[in-house]
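The next block holds one structure in the form of structure tokens; read it before the comments.
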Amino acid sequence: MKLKRAVFPVAGFGTRFLPASKAIPKELIPLVDKPALQYVVEEAVAAGFTTAIFVTAEGKAAIEDHFDRNLRLEAFLASKGKEDLLRTVQQVGSLVEVVAVRQKQALGLGHAVLQAASLLGQEPFAVLLGDDVIVGDTPAIGHLAQVHRETGASVVAVMEVPQEEIARYGCVAAQPLGGGVFRVLDLVEKPAPHQAPSRLAIIGRYILTPAVLDELHRTPPDPSGEIQLTEGLRRTLRREPLYACTFPGRRYDAGNKGDFLRATVELGLAHPELGPAFRQFLQEVVRGLGATSA
Ligand code: G1P
């Protein structure tokens with residue numbers, strides 16, 4: 000079955016990014032010259048997804064606007080002869096079909112995904128989290144889609160992290176099958192490091208079958224009142240196999256200020272127009288650092 004729809008849960012307050020995210024959705028804060036979320040949407044488009052379902056919330060309508068056409072702006076740029084900018088804004092507005100649904104209460108990632116259920120029908124779909132920006136030559140979600148095509152099952156992206164960091168992630172107990180693919184045996188959301196079954200952390204890329212939605216409908220909230228996607232997946236394991244796979248590209252946690260800064264520097268260096276001058280600037284900064292520490 001062709002994978003067409005990708006769900007982007009973007010309803011969160013972005014508390015880790017305050018005060019920057021007070022009035023601007025954190026997903027629209029730019030990495031160099033593009034909103035962080037645009038990298039993630041472009042990844043899905045590169046993998047063949049044609050519909051973006053944004054699970055959004057009050058105060059976050061700018062996300063829909065960003066991926067919509069803006070005919071007034073386009074007419075303005077055309078009248079000023081700014082062809083390059085015109086192409087840039089038209090391109091963003093034409094990337095995907097945009098659908099927006101509201102998550103009316105912040106009740107967790109599983110709950111966010113459930114808000115899209117009536118739009119997903121009985122087809123498998125992708126979930127991409129805006130906080131995980133993955134940059135590379137081939138789209139990470141396309142890699143998961145390939146494993147899904149081979150297995151017909153749900154697939155989650157995983158990455159090995161240091162044991163002390165596993166408490167920030169969903170974690171899988173899994174049997175390696177080779178080529179970076181694993182059969183998932185169990186999952187646990189944000190385990191204490193000494194209780195984690197592995198160091199394999201779930202990164203925000205998923206291909207999910209309709210059975211996961213079914214199970215999410217029945218998943219009770221955790222002690223903090225949130226319905227966890229990880230728990231929905233754990234329950235799905237009783238009826239279907241589940242796979243995990245590593246992915247190509249470099250992943251940044253764009254919800255973390257330090258990682259955001261690192262992403263800005265690396266993407267700045269890789270930028271075709273800005274990169275060369277920025278590299279020179281950084282070299283000067285590093286030389287200056289050498290001089291002060293000497
Ligand atoms: C969510 C998921 C978690 C996953 C993580 C990836 O957590 O619940 O399983 O490992 O995304 O970024 P959050 O970061 O929203 O707390």
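Residue 0 is where the sequence shown starts when you use numbering that gives the first Met the number 0, and the numbers rise one by one after that. Where is the CB? At the ideal position from N, CA and C, for every residue including glycine.
Check: When every heavy atom of ligand 1 is checked, does at least one fall within less than 8 Å of the C-beta of lysine 79?
Finding: no
Checklist line | CB-CB length for arginine 182 against leucine 176, believed under 8 Å | finding: About 6 Å separates the beta carbons of arginine 182 and leucine 176, which is inside the 8 Å limit, making them a contact pair.
Notebook entry, point to check: Short check: CB of glycine 47 to CB of leucine 2, under 9 Å?
Noted result: yes
Checklist line | Reference glycine 248; option with closest CA among Asp136, Lys33, Val44, Gly80 | finding: Asp136
Next item on the list: Look at the Cβ atom of isoleucine 52, then the Cβ atom of valine 98, and state whether they are nearer than 9 Å.
Entry: yes
Next item on the list: Compute the minimum distance between the beta carbon of glutamine 104 and the heavy atoms of ligand 1, and state whether it is under 8 Å.
Entry: Relative to ligand 1, even the nearest heavy atom lies 8 Å or more away from the CB of glutamine 104.
Next item on the list: Kindly examine ligand 1 and report whether one of its heavy atoms sits closer than 8 Å to the Cβ of glutamine 162.
Entry: Glutamine 162: no, Cβ never under 8 Å from ligand 1.
Next item on the list: Rounded to whole angstroms, what's the CA-CA distance from proline 222 to glycine 107? Just pull it up for me.
Entry: 12 Å
Next item on the list: Assign glycine 169 to one of three DSSP states: helix, strand, or coil.
Entry: strand
Notebook entry, point to check: Are glycine 254 and aspartate 83 touching if we call contact CB-CB under 9 Å?
Noted result: Against a cut-off of 9 Å, the Cβ pair of aspartate 83 and glycine 254 comes out as no contact.
Notebook entry, point to check: What's the call for serine 93, buried or exposed, on a 16-neighbour Cβ count within 10 Å?
Noted result: exposed
Check: Looking at the unbroken beta strand (DSSP E) that takes in glycine 135, where does it start and where does it end?
Finding: From DSSP, glycine 135 is part of no beta strand (DSSP E); its letter is neither H nor E.
Next item on the list: Compute the minimum distance between the beta carbon of lysine 25 and the heavy atoms of ligand 1, and state whether it is under 8 Å.
Entry: no
Check: Under the three-state reduction of DSSP, which class applies to leucine 184: helix, strand or coil?
Finding: strand
Check: Considering only C-alpha positions, which residue in the set Pro240, Asp252, Glu149, Leu199 is nearest to valine 39?
Finding: Asp252
Margin query: Between Leu184, Val154, His193, Gln89, which has its C-alpha nearest proline 161's C-alpha?
Written below: Of the candidates Leu184, Val154, His193, Gln89, the one whose C-alpha sits nearest the C-alpha of proline 161 is His193.
Next item on the list: Confirm, please, whether the CB-CB distance from alanine 152 to proline 209 is below 9 Å.
Entry: No. Outside cutoff.
Next item on the list: Inspect the beta-carbon positions of glycine 169 and valine 187 and report whether they are closer than 9 Å.
Entry: In contact: glycine 169 and valine 187 (Cβ atoms closer than 9 Å).
Next item on the list: Report yes if the C-beta of alanine 200 is less than 8 Å from at least one heavy atom of ligand 1; otherwise report no.
Entry: Yes, Cβ of alanine 200 sits closer than 8 Å to a heavy atom of ligand 1.
Note to self: Classify serine 117: buried if its beta carbon has 16 or more other beta carbons within 10 angstroms, exposed otherwise.
What the structure shows: The Cβ neighbour count for serine 117, taken over all protein chains shown within 10 Å, is under 16; the residue is labelled exposed.
Note to self: Is arginine 167 near ligand 1 - that is, is its Cβ less than 8 Å away from at least one heavy atom of it?
What the structure shows: yes
Note to self: With a threshold of 8 Å (Cβ to nearest heavy atom), would glycine 224 be considered close to ligand 1?
What the structure shows: no
Notebook entry, point to check: So, glutamate 42 versus leucine 127, is the Cβ gap smaller than 9 Å?
Noted result: Yes, the pair counts as a contact, with Cβ atoms nearer than the cut-off.
Note to self: Going by DSSP in three states, serine 153 sits in which element: helix, strand or coil?
What the structure shows: strand
Item checked: Beta-carbon gap between alanine 267 and glycine 274 smaller than 9 Å -> Rather than alanine, the amino acid found at residue 267 in this sequence is glycine. Yes.
Check: Would the C-beta of glutamine 295 count as close to ligand 1, meaning under 8 Å from any of its heavy atoms?
Finding: No information on residue 295 is available, as it lies outside the stretch 0 to 293 that the chain covers here.
Notebook entry, point to check: If we ignore side chains and look at the alpha-carbon of each, how far apart do leucine 85 and glycine 287 end up?
Noted result: 40 Å
Note to self: For alanine 45 and valine 95, I'd like the C-alpha separation in whole angstroms.
What the structure shows: Each residue's Cα considered, the two are about 11 Å apart.
Notebook entry, point to check: Among residues of its own chain, excluding the 5 on either side of threonine 229, which ones have a beta-carbon nearer than 6 Å to its beta-carbon?
Noted result: Gly169, Leu186, Glu188
Check: Just to confirm, are leucine 184 and alanine 173 a CB contact at a threshold of 9 Å?
Finding: Against a cut-off of 9 Å, the Cβ pair of alanine 173 and leucine 184 comes out as a contact.
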